[in-house]
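Asker:
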Amino acid sequence: MSAIDGLLDLLYPRFCVGCSRGPLGPGRGWLCPRCQARIVPLGPEPCPRCAGRLGVAAAVSRCRDCRALRPVFSGAVAVGRYEGLLRDLVVRLKYGRDAFLGRVLGDLLADTVEIWPRAPEVDVVVPVPITAGRRWRRGFNQAELLAERVARRLRVPLALRLLRRRGRPPVQASLSRTARLSAQRGTVAVRDPGPRLAPLLRIPGARRLAPLLGGGGLPAERRAGRRTGRLEGKGILVVDDVMTTGATVAEAARVLVREGADPVLVAVAARA
Ligand SMILES: [Zn+2]
Ligand SMILES: [Zn+2]
Numbered sequence: 001m002s003a004i005d006g007l008l009d010l011l012y013p014r015f016c017v018g019c020s021r022g023p024l025g026p027g028r029g030w031l032c033p034r035c036q037a038r039i040v041p042l043g044p045e046p047c048p049r050c051a052g053r054l055g056v057a058a059a060v061s062r063c064r065d066c067r068a069l070r071p072v073f074s075g076a077v078a079v080g081r082y083e084g085l086l087r088d089l090v091v092r093l094k095y096g097r098d099a100f101l102g103r104v105l106g107d108l109l110a111d112t113v114e115i116w117p118r119a120p121e122v123d124v125v126v127p128v129p130i131t132a133g134r135r136w137r138r139g140f141n142q143a144e145l146l147a148e149r150v151a152r153r154l155r156v157p158l159a160l161r162l163l164r165r166r167g168r169p170p171v172q173a174s175l176s177r178t179a180r181l182s183a184q185r186g187t188v189a190v191r192d193p194g195p196r197l198a199p200l201l202r203i204p205g206a207r208r209l210a211p212l213l214g215g216g217g218l219p220a221e222r223r224a225g226r227r228t229g230r231l232e233g234k235g236i237l238v239v240d241d242v243m244t245t246g247a248t249v250a251e252a253a254r255v256l257v258r259e260g261a262d263p264v265l266v267a268v269a270a271r272a
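The opening residue of the sequence shown carries number 1 in our numbering; numbering runs sequentially from there.
What follows is the structure in structure tokens.
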């Protein structure tokens, strides 16, 4: 702990975001040890592709969601299960509109992604978009808050507006499992601003400006707006707060791969 951190702790004591007890001891975290212990880990052997539960089908290497969805993302990581503390924090973030928890969850996710063996493959971080209506009602997109912290930690660009959400998301709870999976098709699109894609990228902390998309980094025929392969060979990390069936991130991955992204990876705060 630096002297500045010590001084800040003295001036602004931190209280646990899980239970409000405090003040917390030295360090940068926002959780007391008791609340940290309420994070339910993924378990010893989660599904290698989506971090889901392998369950009784553990003999096969794919979980139920992957067998149904056949997602094109090649790996996923999560802080833990959508239970206990993570569930509490996600609910308060989204439905209690407590945007500060986006930073808390984002830092927890960044801690996880940072030590993930696949992190070096990431060239750009992309949050899962929400519809404009939902964003207006909530005041923010929780996935963006998380993605911002992850991109900052990995020191890679954050593409806030690369993807957009179309139409009205289906009322998921009322649909059958199979219908829920196929209902996501066509709800996520890659924006097509031609040569103007570069301004959509924002570099958190501006540490490193990767020559990515548009502008000088691309061959002329692609700058001229060729529709395919705009993300050719770029490793993209799709970030969301929760993955339930994985249908939404699978749809985001599908449109990114269609544009040439390789690999597409997924990081979520909580995996159901
Ligand atoms: Zn606590
Ligand atoms: Zn899976």
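Ideal Cβ placement from N, Cα and C applies to all residues, glycine included.
Give the secondary structure of V239 by DSSP, where H, G and I count as helix, E and B as strand, and everything else as coil.
Answerer: The count along the sequence shown starts at 1 and reaches residue 239 at position 239. Looking at V239 - three-state DSSP - the assignment turns out to be strand.
Asker: Under the three-state reduction of DSSP, which class applies to A267: helix, strand or coil?
Answerer: In the sequence shown, the residue the question calls residue 267 occupies position 267. Residue state, collapsed to three classes: strand.
Asker: Closer than 7 Å by C-beta to D65: which residues in its own chain qualify, once you throw out the five before and the five after it? Chain order, please.
Answerer: Stepping through the sequence shown from its first residue, residue 65 is reached at position 65. Cβ neighbours of D65 beyond the five flanking positions: C50, G52, T245 and G246.
Asker: Ligand 2 and R21: does the residue's C-beta get closer than 7 Å to at least one heavy atom of that ligand?
Answerer: Residue 21 sits at position 21 when you count from the first residue of the sequence shown. No - ligand 2 has no heavy atom lying nearer than 7 Å to the Cβ of R21.
Asker: Kindly indicate which three-state DSSP category P157 falls into: helix, strand or coil?
Answerer: Here residue 157 refers to the residue found at position 157 of the sequence shown. Correct three-state label for P157: coil.
Asker: Between L93, V150 and G96, which lies nearest to I115 when the distance is taken from Cα to Cα?
Answerer: Taking the first residue of the sequence shown as position 1, residue 115 is located at position 115. Here the closest residue by C-alpha is V150.
Asker: Which residues have a Cβ closer than 6 Å to any heavy atom of ligand 2, listed in chain order?
Answerer: C47, R49, C50, G52, R62, C63, D65 and C66
Asker: Is L237 near ligand 3, in the sense that its beta carbon is under 7 Å from a heavy atom of that ligand?
Answerer: Looking for ligand 3 in the displayed structure turns up nothing; the ligands present are ligand 1 and ligand 2.
Asker: Shorter than 7 Å, the distance from the beta carbon of G139 to the closest heavy atom of ligand 1, or not?
Answerer: Position 139 of the sequence shown, counted from the first residue, corresponds to residue 139. No.
Asker: Report back the beta-carbon spacing between L237 and L256 to the nearest angstrom; my notes put them in contact at under 8 Å.
Answerer: Counting from one through the sequence shown, the residue named residue 237 turns up at place 237. Counting from one through the sequence shown, the residue named residue 256 turns up at place 256. Between L256 and L237 the Cβ distance is about 10 Å, and since that is not below 8 Å, they are no contact.
Asker: Just to confirm, are R81 and A270 a CB contact at a threshold of 8 Å?
Answerer: Along the sequence shown, read from residue 1 onward, the residue named residue 81 stands at position 81. Along the sequence shown, read from residue 1 onward, the residue named residue 270 stands at position 270. Yes, Cβ-Cβ distance for R81 and A270 is below 8 Å.
Asker: Suppose you measure from the CA of D107 to the CA of R152; what does that come to, to the nearest Å?
Answerer: As a first step, residue 107 is located in the sequence shown; it is residue number 107 there, counting from the start. As a first step, residue 152 is located in the sequence shown; it is residue number 152 there, counting from the start. Distance between the alpha carbons of D107 and R152: 10 Å.
Asker: Assuming L265 contacts R155 under a Cβ cut-off of 8 Å, what Cβ separation, rounded to an integer in Å, is found between them?
Answerer: Taking the first residue of the sequence shown as position 1, residue 265 is located at position 265. Taking the first residue of the sequence shown as position 1, residue 155 is located at position 155. Contact flag wrong, Cβ pair sits at about 16 Å.
Asker: Could you pull the start and end residues of the beta strand (DSSP E) that G80 belongs to?
Answerer: Taking the first residue of the sequence shown as 1, we reach residue 80 at position 80. Its beta strand (DSSP E) spans residues G75 to R81.
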